[in-house]
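To start, the structure under review is shown below, and the notes come after it.
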Amino acid sequence: MNDQNLLTALQTGSEQGYKELVDTYQEKVLNICLGYFPVYQDAEDLTQEVFVKLFETIDNFRGEASLGTWVYRVTVNKCLEKLRYRKRSKRMAFFQSLIGLEEHASHVASNFDHPGVTLENKERTKILYQHIERLAEKQRTAFILSRMEGLSYQEIAAVMQVSLSSVESLLFRAKQNLKKSLRFYYEKQLI
Amino acid sequence: MDKPRQNIEAEVERTLGTVDDIQRVESNPYLYTRIQERMRQQESVAVAGTVSSWRVILATLLFVVNIASAYFYYQKSVQANQAVGIEAIASEYGLDAAESTWENY
Chain A
-18 MNDQNLLTAL
-8 QTGSEQGYKE
2 LVDTYQEKVL
12 NICLGYFPVY
22 QDAEDLTQEV
32 FVKLFETIDN
42 FRGEASLGTW
52 VYRVTVNKCL
62 EKLRYRKRSK
72 RMAFFQSLIG
82 LEEHASHVAS
92 NFDHPGVTLE
102 NKERTKILYQ
112 HIERLAEKQR
122 TAFILSRMEG
132 LSYQEIAAVM
142 QVSLSSVESL
152 LFRAKQNLKK
162 SLRFYYEKQL
172 I
Chain B
3 MDKPRQNIEA
13 EVERTLGTVD
23 DIQRVESNPY
33 LYTRIQERMR
43 QQESVAVAGT
53 VSSWRVILAT
63 LLFVVNIASA
73 YFYYQKSVQA
83 NQAVGIEAIA
93 SEYGLDAAES
103 TWENY
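Protein chains in written order, with our numbering: chain A, -18 to 172; chain B, 3 to 107.
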């Protein structure tokens, strides 16, 4: 089924269309979610949420972008939404811990469980994720879409709805900031 | 560049390079079934929400009707008591409360 047929099937509420959309994009959605949340169960839950959102909003899709771009965009937005929610919860937990109500919320990286990472790379990848988490939202998104999902600059620009030069700049800054942050981390290890 | 500095740079590069070793993860073959289940749950929660909001609206409406009828009943009984009072005074002084006007005096 090509994109146009799939879209028609989805907009008419066809069960076959829904199944086809999930079959085509589930792996991509899951791997992007793992880029933001390297905990398999969390990423799978989020993948389900993304598809529910896609089914609910399919009527709003006007076809200005390709179906794939739209799926990526909804996935990224859902991940960012979840990140903001977690940040808010973490802030709340911090204040609660100040007044002795609750322990400080644990860091996502402390639950690191990415099935795509080999055992020998686990510690190092976990460190990388801890530093990716510190990047600004846009830099982080560009980095995940480019380095983890392997999208081209044009595709990233379409997903993020920014210019090509912005994508280049975001990726450059993401890499610079990651290097700086990792350098600082390893310097501290030496002391 | 001194040796520790070189080591740090090497560590940074190695850590950054791990991103290329992350393998793609295959999704759960039952994902579609799980999504359907989640949608069913959300629908039933939405229906329950609609039913409970209708209940709240109905309860509020009943409450307002109750208060309004109590108020009207109270007003009516006050007016009735006033009428009885006027009639009592009129009969005590031998007046016809319904027909008496200032012109008669």
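Positions of the beta carbon are idealized from the N, C-alpha and C atoms, including for glycine.
Here the structure is a predicted model, which is why all the values come from computation and not from measurement.
Give the range of the alpha helix (DSSP H) segment to which residue i is assigned.
i        : result
R7/B     : 5 to 19
M141/A   : 134 to 141
E130/A   : Segment: none, E130/A is in no alpha helix (DSSP H) and carries neither H nor E.
Q38/B    : 33 to 94
Q170/A   : 145 to 171
I25/B    : Before going on, a small fix: residue 25/B reads as Gln here, not Ile. No alpha helix (DSSP H) holds Q25/B; DSSP gives it neither H nor E.
N(-14)/A : -16 to -8
F124/A   : 118 to 124
I108/A   : 103 to 113
Leaving out five residues before and five after residue i in sequence, what residues of the same chain have Cβ atoms less than 8 Å from its Cβ?
i      : result
D163/A : Note that residue 163/A corresponds to Leu in the displayed sequence, not to Asp. For L163/A, where only same-chain residues beyond five positions count, the Cβ hits under 8 Å are I108, L109, H112.
D40/A  : Q(-8)
L132/A : Y53, L126, V140
A61/B  : none
Tell me, to the nearest whole angstrom, how far the beta carbon of residue i is from that of residue j; I am working on the premise that it is less than 8 Å.
i      : j     : result
Q7/A   : T28/A : 7 Å
N102/A : D23/B : 5 Å
V53/B  : L15/A : With a Cβ gap of about 38 Å, V53/B and L15/A do not count as contacting.
F36/A  : M41/B : 7 Å
L159/A : L18/B : 6 Å
E136/A : I13/A : With 8 Å as the limit, E136/A and I13/A do not qualify as a contact, their Cβ atoms being about 12 Å apart.
For residue i, which beta-bridge partners are listed by DSSP?
i     : result
V20/A : D94/A
Under 7 Å Cβ to Cβ from residue i, same chain only, skipping five residues before and after it: list those, please.
i       : result
R54/A   : V140
S144/A  : A138
E30/A   : K59
A46/A   : A139
G(-2)/A : L(-13), A(-10), L(-9)
R128/A  : none
V86/B   : none
Y134/A  : L145, V148, E149
Considering only their Cβ atoms, is the gap separating residue j from residue i smaller than 8 Å?
i      : j        : result
Y167/A : V14/B    : yes
D4/A   : L48/A    : no
V10/A  : V52/A    : yes
A24/A  : F18/A    : yes
A117/A : V148/A   : no
K0/A   : Y32/B    : no
G44/A  : L(-12)/A : yes
K34/A  : K59/A    : yes
R115/A : R16/B    : no
L171/A : P6/B     : yes
Given residue i, which residues of its chain have a CB within under 6 Å of its CB, disregarding the five upstream and five downstream residues?
i      : result
A86/A  : Only weak support is given to the placement of A86/A: the predicted model assigns it a pLDDT of 44, under 50, and the value that follows is read from those uncertain coordinates. Within the same chain, A86/A has close Cβ partners K71, A74.
Q120/A : L151, R154, A155
D94/A  : V20, Y21
S29/B  : none
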